[in-house]
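-6 is the number of the first residue of the sequence shown in the numbering used here; add one for each residue after it. Don't be surprised by glycine CBs; every beta carbon is placed ideally from N, CA and C.
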Amino acid sequence: MRAREEIATRKYGQDTEEERTNAPSTGRAASYQPSVARSGGYPGSYSGSSSYTAPQASDVYSGGDRTLTIGRGINMSGEIDACDHLMVEGTVEAALKGAKLLEIAESGTFYGTVEIEEATIAGRFEGDITVNGRLTIKSSGVITGSVAYRELAVESGAVIDGRMTPLKGTVDPKSVDRYRAGSDASAMAKAKETVSKKDNREPANTESGLFSKAHTSY
């Protein structure tokens, strides 16, 4: 019995070792391969990941203009003299000078003084503004203060509470009024002169005139 058990045990052990040797290695851990960084990707990128491309300067600024945007909920105060284009969506209390374009969105508010080439106001402005070019006031725009402009475009619904002064190169309303007043005065003088000349003439339809002419004819 012992001999049979030993033979069976040996045979079972051989089969077990053969099965272990010939069995497929399905549970074997995969070997680690270091990732290779892709050219043009951001630091730390790996194979299979989407590459990051830095934005070009032309995507941020157009024409090399220096643009400053004050977003919603942001308050800013001080002096602004180093930007070409100022976009106001929040609240600004400042002095703006030397810029090219000012845009005030419907949600934006500007308090202060401005000297600029062109301005578009759809929000609120309070202060003094001088526009050497075109000033556009949208239907939602509200201006309170002193405004000097060369060209003016106002949409229906806009509110202007202050003094509007056209710059040189446009028609001055005062000069127009003076011209109209002078024209009216000269016209009145000519009318009076004409009336006085008619009064000094001898009337041709009086009875004495008619009888004298009739007597002369006989």
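For residue 236, which option in 88, 99, 91 has the closest C-alpha, if you only look at C-alpha atoms?
Residue 236 is absent from the model: the chain starts at -6 and stops at 211.
Are there 16 or more other CB atoms within 10 angstroms of the CB of residue 67, so buried, or fewer, so exposed?
Residue mapping note: residue 67 aligns to position 74 of the sequence shown, counting from 1. Looking at its Cβ environment, which holds fewer than 16 other Cβ atoms inside 10 Å, residue 67 is exposed.
In chain order, what residues of the same chain have a beta carbon less than 7 Å from the beta carbon of residue 142, not counting five sequence neighbours either side?
The sequence position of residue 142 within the sequence shown is 149, counting from 1. Around residue 142: 124, 128, 159, 160.
In the structure shown, what three-state DSSP assignment does residue 66 receive?
As a working note, residue 66 is residue 73 in the sequence shown. Correct three-state label for residue 66: coil.
Taking 8 Å as the limit between beta carbons, can you name the residues of its chain near residue 52, skipping five residues before and five after?
Translated into positions along the sequence shown, residue 52 becomes position 59. In this prediction, residue 52 scores a pLDDT of 33, lower than 50, which makes its location untrustworthy; the coordinate-derived value is nonetheless stated afterwards. Cβ neighbours of residue 52 beyond the five flanking positions: none.
Quick check on the burial criterion: 16 or more other C-beta atoms within 10 angstroms. Buried or exposed for residue 83?
Numbered from its first residue, the sequence shown carries residue 83 at position 90. Residue 83 should be labelled buried.
Could you spell out where the beta strand (DSSP E) holding residue 154 opens and where it closes?
By 1-based counting over the sequence shown, the position of residue 154 is 161. Its beta strand (DSSP E) spans residues 152 to 159.
Residue 133 by DSSP, collapsed to three states: which one?
Mapped onto the sequence shown, residue 133 falls at position 140. Correct three-state label for residue 133: coil.
Under DSSP, the beta strand (DSSP E) around residue 99 begins and ends at which residues?
As a position in the sequence shown, residue 99 is number 106, starting the count at 1. It is not in any beta strand (DSSP E) - residue 99 carries neither H nor E in the DSSP assignment.
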